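In full-length UniProt numbering, the protein residues as written are 1 to 659. Using N, Cα and C, we set each Cβ at its ideal position, and we do this for glycine too. Since the model is a prediction, treat every value here as computed from it, not as a measurement. The next block holds one structure in the form of structure tokens; read it before the comments.
Structure, rendered in structure tokens:
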């Protein structure tokens with residue numbers, strides 16, 4: 001694998017050492033200095049260094065002499081010594097690109113990244129080149145300054161120096177700034193320019209994983225692993241692509257390879273243990289996490305993981321002891337630490353402290369850049385949908401649409417209502433294939449809104465255009481196949497976000513059963529508030545209980561309003577009934593889904609404990625046997641929920657729940 005940073009500063013392209021020199025440095029280096037520089041460039045480094053130092057007392061103001069000594073020190077990774085002489089050379093010959101570049105490298109070697117960025121930037125301005133632009137961007141990457149990295153890329157592009165490596169770094173930065181689609185466009189150009197570059201393939205794979213395009217990510221990362229089979233980080237990145245591609249066995253194998261090649265790298269071991277926990281391979285993850293902890297005793301991510309492993313194993317006191325130092329001795333400001341701490345306290349029965357911890361976790365989430373803006377936008381968008389739905393006419397369902405190459409069943413419901421549990425139960429049926437919360441309907445909706453305007457106002461225009469409906473059904477089918485769906489069987493498309501899109505689903509798929517999970521609204525809202533939805537920024541609406549309750553009210557008002565204009569024909573299933581009598585409840589619903597009973601359905605947990613891939617927030621629960629421990633949990637948090645009971649009580653009454 002190519003090195004993370006490279007120090008690529010040649011002495012001179014040719015021996016025109018008297019050019020580009022300004023006062024107060026000597027206008028032309030003495031002959032003996034020139035001869036010494038020739039030795040240096042010939043690789044006779046020790047001899048060159050001796051001569052440089054011998055000449056220095058006699059020629060203290062010759063810039064090339066200081067540059068040569070500084071560059072030699074840089075080659076030996078003696079950054080402090082390099083800086084001393086390179087700063088002198090810079091003073092004697094201002095604006096000399098190679099001196100500025102070498103000085104930037106020296107600063108980078110000592111961790112002074114801001115000074116490095118400044119010198120590299122000056123080097124590029126003095127003498128624009130691809131190398132100068134790349135090193136400038138490397139320093140910005142070291143500083144974590146994504147915005148400057150993108151600006152460097154744009155500046156270099158205008159000068160014609162946007163190399164594939166620079167494009168790759170710019171794509172990484174653009175993704176870090178939240179524009180994954182633009183990042184994908186930039187890295188595509190990088191891959192085209194350097195298809196065999198391992199680092200570029202790695203960045204392309206990571207961006208594809210971020211965009212939830214695991215097949216593309218796997219393609220890039222497998223190619224990179226082929227070229228560097230002992231690169232632990234590549235195996236780790238590939239494992240996460242496999243996880244999101246729901247290839248559990250491949251993910252486990254890649255994680256084990258990453259551990260094998262980690263060479264004791266504690267950060268890689270930590271992230272491998274995290275991946276194994278994600279696959280529910282708890283026994284395998286724990287010793288790896290413990291090994292990493294020897295080198296990273298105070299690491300917040302690792303401590304959170306070790307607490308999670310202990311808590312999931314039922315060792316709540318151990319989980320408490322792992323996290324307590326982070327909370328009490330040096331309070332951390334990581335939302336995931338506080339979410340885990342809250343779960344531990346909840347398990348120990350300290351509801352008041354758990355409630356405070358959940359509040360702290362969500363407060364930290366809202367403090368992230370743009371989180372509150374996302375929540376406010378989600379609220380505005382939903383209010384606009386509620387206004388638009390009032391002006392919709394009645395819409396008849398279409399007949400005779402082009403058939404799909406498979407049967408489809410939609411499963412949805414407000415988040416944390418039990419959709420993942422039902423997904424796993426029905427997924428144990430021999431004819432059913434599941435796609436774990438893929439953005440299938442989201443992609444369809446985007447095409448609809450691009451042509452017919454925002455949802456739900458777009459529904460009448462879409463209903464009047466049979467060609468568009470057939471084209472969208474075909475697009476849906478091809479997208480399913482792209483994600484690995486099985487044509488000819490029964491596709492189960494489960495996604496809670498689809499709940500407020502039910503009008504579109506029913507219009508485009510009038511033949512498809514739609515199973516809606518119902519749960520006590522107070523339990524649903526509480527569970528949303530207690531869940532870390534950080535990787536779904538639009539769900540920041542759940543970061544306060546009042547906002548979460550308002551979202552519950554908006555979603556359900558929208559669905560009911562659409563249902564008055566379009567026959568939705570929903571199949572309701574109550575989470576509480578499923579928890580109390582799972583087999584009876586599933587047997588009752590199967591005929592309406594067009595499925596026969598199979599005994600394997602109730603053995604679903606056997607397939608979801610060890611090595612299972614579940615990409616939703618419920619991944620840790622689906623391997624458990626069905627139980628009622630989450631039913632009525634709201635009563636323990638009645639104090640925290642008191643402010644939202646008024647908003648939710650009408651819906652409790654509507655769905656038959658007592659408050």
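Specify, as a first and last residue, the run of the beta strand (DSSP E) that residue i falls within.
{"i": "residue 408", "result": "407-412"}
{"i": "residue 518", "result": "514-518"}
Please state the DSSP three-state secondary structure of residue i.
{"i": "residue 631", "result": "coil"}
{"i": "residue 23", "result": "Legend: pLDDT at residue 23 = 37, less than 50; position of this residue unreliable, no value from coordinates given."}
{"i": "residue 647", "result": "helix"}
{"i": "residue 574", "result": "strand"}
{"i": "residue 422", "result": "helix"}
{"i": "residue 433", "result": "strand"}
{"i": "residue 448", "result": "helix"}
{"i": "residue 401", "result": "coil"}
{"i": "residue 62", "result": "coil"}
{"i": "residue 704", "result": "Any answer about residue 704 is impossible in this case: the structure gives the chain only from 1 up to 659."}
{"i": "residue 490", "result": "strand"}
{"i": "residue 197", "result": "coil"}
{"i": "residue 54", "result": "helix"}
{"i": "residue 107", "result": "helix"}
{"i": "residue 77", "result": "coil"}
{"i": "residue 511", "result": "coil"}
{"i": "residue 348", "result": "coil"}
{"i": "residue 214", "result": "helix"}
{"i": "residue 87", "result": "helix"}
{"i": "residue 464", "result": "coil"}
At the level of alpha carbons, what is the spacing between residue i and residue j?
{"i": "residue 474", "j": "residue 404", "result": "7 Å"}
{"i": "residue 135", "j": "residue 631", "result": "57 Å"}
{"i": "residue 227", "j": "residue 406", "result": "39 Å"}
{"i": "residue 86", "j": "residue 52", "result": "14 Å"}
{"i": "residue 575", "j": "residue 148", "result": "49 Å"}
{"i": "residue 146", "j": "residue 109", "result": "20 Å"}
{"i": "residue 253", "j": "residue 350", "result": "39 Å"}
{"i": "residue 508", "j": "residue 281", "result": "40 Å"}
{"i": "residue 556", "j": "residue 118", "result": "54 Å"}
{"i": "residue 157", "j": "residue 94", "result": "26 Å"}
{"i": "residue 587", "j": "residue 489", "result": "20 Å"}
Let me confirm a value: residue i is counted as buried when at least 16 other C-beta atoms fall within 10 Å, else exposed. Which label applies?
{"i": "residue 246", "result": "buried"}
{"i": "residue 274", "result": "buried"}
{"i": "residue 328", "result": "exposed"}
{"i": "residue 168", "result": "buried"}
{"i": "residue 430", "result": "exposed"}
{"i": "residue 224", "result": "buried"}
{"i": "residue 437", "result": "buried"}
{"i": "residue 237", "result": "buried"}
{"i": "residue 105", "result": "buried"}
{"i": "residue 560", "result": "exposed"}
{"i": "residue 45", "result": "exposed"}
{"i": "residue 529", "result": "buried"}
{"i": "residue 287", "result": "exposed"}
{"i": "residue 642", "result": "exposed"}
Can you name the start and end residues of the alpha helix (DSSP H) that residue i belongs to?
{"i": "residue 186", "result": "180-193"}
{"i": "residue 243", "result": "232-244"}
{"i": "residue 168", "result": "164-176"}
{"i": "residue 360", "result": "351-367"}
{"i": "residue 637", "result": "First-last for residue 637: undefined, no H or E at that position."}
{"i": "residue 604", "result": "From DSSP, residue 604 is part of no alpha helix (DSSP H); its letter is neither H nor E."}
{"i": "residue 483", "result": "Neither: residue 483 is in no alpha helix (DSSP H) and is coded neither H nor E."}
{"i": "residue 525", "result": "521-529"}
{"i": "residue 582", "result": "582-593"}
{"i": "residue 497", "result": "It is not in any alpha helix (DSSP H) - residue 497 carries neither H nor E in the DSSP assignment."}
{"i": "residue 597", "result": "Unbroken run through residue 597: none, as it is neither H nor E."}
Checklist entry - Does the segment 293-304 come close enough to the segment 261-277 that 3 or more CB-CB pairs lie under 8 Å? => result Under the Cβ criterion (8 Å, minimum of three pairs), the segment 261-277 counts as touching the segment 293-304.
Checklist entry - Is the number of C-beta pairs between the segment 502-517 and the segment 531-548 that are closer than 8 Å three or more? => result Because the criterion of three Cβ pairs below 8 Å is not met, the segment 502-517 and the segment 531-548 do not touch.
Checklist entry - Touch check for the segment 519-532 and the segment 483-500: three-plus C-beta pairs under 8 Å? => result Short answer: they don't touch.
Next on the checklist: Any contact between the segment 560-574 and the segment 426-440? By contact I mean 3 or more CB pairs, one from each, below 8 Å.
Outcome noted: Contact between the segment 560-574 and the segment 426-440 is absent, because fewer than three Cβ pairs lie under 8 Å.
Checklist entry - Taking contact to mean at least 3 C-beta pairs separated by less than 8 Å, is the segment 31-44 in contact with the segment 60-78? => result Enough Cβ pairs lie closer than 8 Å, so yes.
Checklist entry - Hey, is the segment 304-324 in contact with the segment 334-349, meaning 3+ C-beta pairs nearer than 8 Å? => result The answer is yes - the segment 334-349 touches the segment 304-324, with three or more Cβ pairs under 8 Å.
Checklist entry - Touching or not, the segment 116-129 and the segment 90-107, by the rule of three or more beta carbon pairs under 8 Å? => result The answer is yes - the segment 90-107 touches the segment 116-129, with three or more Cβ pairs under 8 Å.
Checklist entry - Is there contact between the segment 410-418 and the segment 491-508, where contact requires at least three CB pairs shorter than 8 Å? => result The segment 410-418 vs the segment 491-508: in contact.
Checklist entry - How about the segment 452-462 and the segment 379-393: do they share at least three Cβ pairs that are nearer than 8 Å? => result They touch, by the three-pair rule.
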